[in-house]
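A quick write-up on the structure given underneath.
Number of protein chains: 4
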Amino acid sequence: MAMLFLSDNAASVHPALWRAMQAADAPDSPYDGDALSQRLDDAFGELFGRECAVLWGATGTAVNCLALATMVPPHGGVVCHREAHIEMDEGGAPGFYLHGAKLLLAEGEGAKLTPRAIAAVIDPIRNDVHQVQPHAVSITQASEYGRAYQPAEIAAIAAFCAERGLPLHVDGARFANAVAFLGCSPWEACKGAAALSFGMIKNGGMSAEALVLFDTGLADVARYRRKRAGHLQSKGRYLAAQLLAMLEDGVWLANARHANAAARELAGAAQDRLLHPVEANEVFLRLTAPEREALRHQGFSFYDWGDEAARLVTAWNSPHEHVGALARAIASL
Amino acid sequence: MAMLFLSDNAASVHPALWRAMQAADAPDSPYDGDALSQRLDDAFGELFGRECAVLWGATGTAVNCLALATMVPPHGGVVCHREAHIEMDEGGAPGFYLHGAKLLLAEGEGAKLTPRAIAAVIDPIRNDVHQVQPHAVSITQASEYGRAYQPAEIAAIAAFCAERGLPLHVDGARFANAVAFLGCSPWEACKGAAALSFGMIKNGGMSAEALVLFDTGLADVARYRRKRAGHLQSKGRYLAAQLLAMLEDGVWLANARHANAAARELAGAAQDRLLHPVEANEVFLRLTAPEREALRHQGFSFYDWGDEAARLVTAWNSPHEHVGALARAIASL
Amino acid sequence: MAMLFLSDNAASVHPALWRAMQAADAPDSPYDGDALSQRLDDAFGELFGRECAVLWGATGTAVNCLALATMVPPHGGVVCHREAHIEMDEGGAPGFYLHGAKLLLAEGEGAKLTPRAIAAVIDPIRNDVHQVQPHAVSITQASEYGRAYQPAEIAAIAAFCAERGLPLHVDGARFANAVAFLGCSPWEACKGAAALSFGMIKNGGMSAEALVLFDTGLADVARYRRKRAGHLQSKGRYLAAQLLAMLEDGVWLANARHANAAARELAGAAQDRLLHPVEANEVFLRLTAPEREALRHQGFSFYDWGDEAARLVTAWNSPHEHVGALARAIASL
Amino acid sequence: MAMLFLSDNAASVHPALWRAMQAADAPDSPYDGDALSQRLDDAFGELFGRECAVLWGATGTAVNCLALATMVPPHGGVVCHREAHIEMDEGGAPGFYLHGAKLLLAEGEGAKLTPRAIAAVIDPIRNDVHQVQPHAVSITQASEYGRAYQPAEIAAIAAFCAERGLPLHVDGARFANAVAFLGCSPWEACKGAAALSFGMIKNGGMSAEALVLFDTGLADVARYRRKRAGHLQSKGRYLAAQLLAMLEDGVWLANARHANAAARELAGAAQDRLLHPVEANEVFLRLTAPEREALRHQGFSFYDWGDEAARLVTAWNSPHEHVGALARAIASL
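Protein chains in written order, with this note's numbering: chain A, 1 to 333; chain B, 334 to 666; chain C, 667 to 999; chain D, 1000 to 1332.
Structure, rendered in structure tokens:
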């Protein structure tokens, strides 16, 4: 029997979302004119305790890039980490959506940025037309290595960005996991952001991510760009239904807590192997090739991470028995 | 009670598709690596009786533009009808996906093109760098006015395109309706096309259209462009499941026949009011404002079409009683 | 001996410009940091009687597109005439510079627009994301058929644009000819424009057009976009020298007057053949194929204009004897 | 009196070019239809000993980007050095011309690449749609630090590129200086390249660079893209005249030799200060702030290079006395 720790991005859909989609089956206005899509602003506004404009989108890549496209002109640049998803794994989508704008790459431990790291990239840029100027900053909460920004870290970055006139985008593909770890309010986990890509698909969704625009002035352009990118689905109510079901009764948070707990359990069994502190639902472990082979032989699936490590990802529905079995197997290596 | 003839693009999802999606809920490889996505080429290949490469996508706009992006360089042009969906209703998406390539607009009755109409656009184009050169042709089957191209018409266009070295794209947002009307094989309804956007969403789908590449050499670029456009969903199996369920037991064709029959019934009640012959599931009727008001007062919903007409659209599940009621109401005006 | 009436765009360079370029030969700061480039704002500001920011560029296509790129986002549209140069003859450059923004085509006699013609294009555009929204208007002064907008016509268009919130761009490839015809001030010939592409090359220049930004807030973006388009020449002083020499002692106006007078002389000899009133330096004449052949046999070069007409273009230096000879030849047909 | 070592990109125009431009003043066909433009293929073909297609362009940025645009689709990538001009100094022009294609940055001493450095960038790229794939390689001859690739080094890179199916572009902003240093034939200095941006402006030109396409199959696209970028000047004969004058009597090589000799003289006076071997016309010297101040006080102009160094650039016409004076001044520090 396969015990899957490959990725959270292929996990099953949460039952509450199935129910919500089926409840949305009666015809309603097409696109985002339906009653469910119209409720998104309020539902997320309540969650974050502030006004926001919310658009659904089919992928994290799409909502990340739509967010940035509202902030950055084609001749501009976006500061992000050298290992950010938008730089590494989106097939050049930012180049497409931003019409050739440039990613300006910063360094930072655990794929996290700091004001100092951002400054190190932008301060040497002369204010002349020969160099691409920064127009926004994008960070990932939790980061590509499963590291969460503490509220104070977010606040410091947001203050720096405000000072430099750079709107802040948060790629929250695993935002729920970050909030679950931090134990803070959702807003504290991204306070000061102009836009948040609030990931739902890795957390039990099927096909809907939420683009949350705290700077509601960006919504108009985002809507035109979404249509222009072929992302305005005609039966948008099924996407809205997923998002609303996630928020209702805190499904999003419960799912993330489950995944995080599973990751912590794995980490607990492998303290001396950890490449990064485990703060979300990803566990990066030093594991030799024979060790990985041994684990796979016992039925565990996961990705290699370079030659000497592996990445284990837990999901909203990782079975306790699988997690326990893997924890024991690692401890026994 | 509302009786809806607004559009087929907001109709409910067919039960077979719900079942197929739920049957796909167990985790599988992400993106299009899952077993269902891997079956698409064969399933459509069988339907069309020839090899093809098939990609799912979330909207007709996206698959249309991805198809064209495989054929047309940024400095090129696409011949299409002046009232083609790609020109009129996609929010400039072709300009985005094709990086500024140009739509070269042709004339034709019922939003249909002919070799002569295409030649009228491209023959005057001098072969010099000051003018945008044609690189592809796009037609819509059935057309934006619900008109079907007969196999002989398709063949003539395809022959013309081949002679001029222009690959042919077919926007088949209502391809099923066209096939149902024509009574021919699916291939005869688009024979010679390099790519077909095979619409499923208007025909009982939820969120999956099929990009069918008969020129399989286009698939590699289409896949990179799909990712780059943020359209490579991580849980692609739910989209593949929809497409396969559509093909199984001919759901696609049965659905289209139902919608077409409903449209014919409406047309039969309004022969002297028809703006266009009814060959698919759209009925364009001359109706004065008071007449439209009277129909709406009886519970029928539909869009105005200019000041003196209305567009009625039937769906895969338009209830017989609604259709009959509307037919009688029109006849009684 | 060849007597050339093909185009003004290949004419010789005016002696004053040669002198100015050679006077600029001593090294100065590169790009547009040199003393001459720095004088452009003031020199044009004086000519137009108002503050402006001026950038040189190598072609009309480039300055037109740079101007529009400051006004129109990638998802937007530009209203222009169906026969505007930006639509017909720039090889798709607007699609490139504006990242796929759309040209929204209006009708109008003599390739001239009116508020009514603009309204006819934009009023039917629903304010929704499915349709490309207008973001700017571009007119050509003098038009592609050599027609000038009277100051009152310009004022009406500018007022309409202001009311609709659409910045106005003027393609002035033959702006000098229009001013010479109108006898008004340069500003009156484009009053209300946010940007003017002030053509110099057809009027005796070598390689420099002026992008005159009356909305100086557009200059910053225009400068970044110019560099990004590879149009920031390192020895910009030679371009600035051309522009300044044009303005000095009214070379631009004297040249245009010469060309206009030559065109008038031709028109006077062919009143019954004119397709358009002659208001600049282009003469469109009904001429049969044998008539054109006869003229060419006498040594006159010009372009056919369709099957039954010809286009004659005069230049800043069209020799009196050539013009007179052609006038007589036409009269004798 | 100012003694300029700031850059070669603002130097005066060589007298032979002035003469050639003036000799080209009689009208000829516009754009690149004139006799001079038509001679470019042959003239450069003779120089390189092989067939080539040659287009003029106004800037190095433009010809670099046009070259790459013929090789790289919008979803592709170009391998170049981390300090390549296209990455550092072109204001994002590659992102514009290549429609968001990505620069894939490699390391290498002296801003030079090697097969190993290129492999280090591209070998880790998985062949999947999540990552931007390499489609071309661009190197700079001489490099941004004034380092020349030896023929054997070029051959190794070209062989590697051929093996990987990657066309090779050579940015030759200072190609003449490299050839002058290497003492080889022009072809040996770029052997295997599909395209060379042959810089003339830094070497005594006014406004014309040569895009030399050894893969002549790229010419058609390059011509359409040049027009589309607004770089098809109507009086192209003045640009062609510059290029032909450069080739005639070896002006290009004599100019480069002069500049190189001047740089060598400076280097000879500062052996222990050199940051890079001097192989072209750029000299990077360790110089403290007081030392730089002292030199400037004596009338020498140059750019700082970070806090502890300076960049001295010699030109085709650097006066012997200035060079000698600077050499002595440095030696006396």
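All C-beta atoms in this analysis are idealised placements derived from N, C-alpha and C, irrespective of residue type, glycine included. Keep in mind it's a predicted model, so treat the numbers as computed, not measured.
- Put simply, the CB of V1078 (chain D) is far from chain A, with every gap to its CB atoms at 8 Å or more.
- Residues of the segment 765-780 of chain C with a C-beta atom less than 8 Å from some C-beta of chain B are H765, G766, A767, K768, listed in chain order.
- Taking N1316 (chain D) as reference, the option from D:R1256, D:W1186, D:H1168 with the minimal CA-CA separation is D:R1256.
- Note that the C-beta distance between E1208 (chain D) and F1197 (chain D) is below 8 Å.
- Contact between E756 (chain C) and A777 (chain C) does not hold, since the beta-carbon distance rounds to 15 Å and is not under 8 Å.
- In the three-state DSSP reduction, W1251 (chain D) falls in the helix class (H, G or I).
- Using a CB distance cut-off of 8 Å, L1165 (chain D) does not count as an interface residue toward chain B.
- Secondary structure note for P134 (chain A): it is in no alpha helix (DSSP H), and the uninterrupted beta strand (DSSP E) holding it is 133-140.
- Annotated three-state conformation of S370 (chain B) is helix, per DSSP.
- Comparing C-alpha distances from K535 (chain B) to each of A:A329, A:A20, A:P27, A:L6 shows the shortest one belongs to A:P27.
- CA-to-CA, the gap between V1250 (chain D) and L1046 (chain D) works out to about 13 Å.
- In this structure, L1102 (chain D) lies away from I1124 (chain D), with their beta-carbon atoms at least 8 Å apart.
- Listed in chain order, the non-local C-beta contacts of L337 (chain B) below 6 Å within the same chain comprise S634, local neighbours out to five positions each way being set aside.
- A residue is called buried once 16 or more other Cβ atoms fall within 10 Å of its Cβ, and G366 (chain B), having fewer, is exposed.
- By the C-beta density criterion, Q631 (chain B) is exposed, having fewer than 16 other C-beta atoms within 10 angstroms.
- Boundaries cannot be given for E477 (chain B), as no alpha helix (DSSP H) includes it and DSSP labels it neither H nor E.
- Collapsing the DSSP output to three states places F284 (chain A) in a strand.
- Annotation: the continuous alpha helix (DSSP H) that includes A325 (chain A) extends over 320-331.
- With a threshold of 8 Å between beta carbons, H897 (chain C) makes contact with chain D.
- One finds A402, P407, H432, R558, R561 in chain B with Cβ atoms closer than 9 Å to the Cβ of P1073 (chain D), taken in chain order.
- Scanning A:Y224, A:P319, A:L105, A:S12 for the CA closest to the CA of H796 (chain C) turns up A:Y224.
- In the structure shown, H99 (chain A) adopts coil according to DSSP, grouped into three states.
- Taking C-beta separations shorter than 6 Å and ignoring five residues to either side along the sequence, the partners of V845 (chain C) in its chain run P852, A855, following chain order.
- Shown here, F531 (chain B) sits in a strand according to DSSP, grouped into three states.
- In the three-state scheme derived from DSSP, where H, G and I count as helix and E and B as strand, D128 (chain A) is classed as coil.
- With a 10 Å radius around the Cβ and a threshold of 16 neighbouring Cβ atoms, Q242 (chain A) comes out buried.
- Chain D places a beta carbon closer than 8 Å to that of D694 (chain C), counting this residue as a contact.
- With fewer than 16 other Cβ atoms from the protein chains shown falling within 10 Å of its own Cβ, A1151 (chain D) counts as exposed.
- Apart from the 5 residues on each side of it in sequence, V1012 (chain D) sits with its Cβ closer than 6 Å to the Cβ of M1205 in its chain, given in chain order.
- Within chain D, the residues G1229 have their CB atoms less than 7 Å from the CB of T727 (chain C), given in chain order.
- CA-to-CA, the gap between A935 (chain C) and D674 (chain C) works out to about 21 Å.
- As a beta-bridge residue in DSSP terms, V313 (chain A) pairs with A:E282.
- A straight-line Cα-Cα distance of about 11 Å links H408 (chain B) and P760 (chain C).
- CA-to-CA, the gap between E1108 (chain D) and L66 (chain A) works out to about 38 Å.
- In this structure the segment 1285-1297 of chain D does not lie against the segment 1213-1220 of chain D, because fewer than three pairs of beta carbons, one per stretch, are closer than 8 Å.
- Note on P277 (chain A): under 16 other CB atoms within 10 angstroms of its CB, so exposed under the neighbour-count rule.
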